[in-house]
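When the letters of the sequence shown are read in order and numbered with the working numbering, they come out as residues 823 to 894.
Yeah, the Cβ is synthetic: ideal placement off N, Cα and C, and Gly gets one too.
Predicted model only: the values in this text are computed from it and were never measured.
First the structure, in the form of structure tokens, and then the observations on it.
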Amino acid sequence: NTEQKFNYLYEEWLAIEHDLLRERGLWGFDEPDPLAKYKLDFIEGPCRMRKRMVLNEDFYKHYPYRIPIEHN
823 NTEQKFNYLY
833 EEWLAIEHDL
843 LRERGLWGFD
853 EPDPLAKYKL
863 DFIEGPCRMR
873 KRMVLNEDFY
883 KHYPYRIPIE
893 HN
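In structure tokens:
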């Protein structure tokens, strides 16, 4: 029973911590991540419009990041 309570509280804390530390969160990063890429969310609003952007976790799987070569 104690272990179940601990697991429940641990999961709740992880969710709260994620919300506080996420991008644009209360304690989030001062500067945005320059490598973060976004895509339109599939959830539709009125008139079948998709208005929300979500982080694209698979962007670099499809488009690998290449470090720019400096030309001297």
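Neighbourhood of residue i by C-beta distance below 6 Å, restricted to the same chain and skipping five residues each side
i, result
"Leu842", "Leu848 and Trp849"
"Lys861", "Asn878"
"Lys859", "Asn878 and Phe881"
Cβ-based neighbour list, residue i, same chain, cut-off 8 Å, excluding 5 preceding and 5 following
i, result
"Ile865", "Arg872 and Arg874"
"Asp855", "Glu845"
"Tyr887", "Leu857"
Residues near residue i in its chain [Cβ-Cβ closer than 7 Å; skip 5 each side]
i, result
"Ile889", "none"
"Val876", "Tyr860, Lys861 and Asp863"
Task: Ordered list of alpha helix (DSSP H) runs contained in the stretch 830 to 870, each at least 4 residues - done: none
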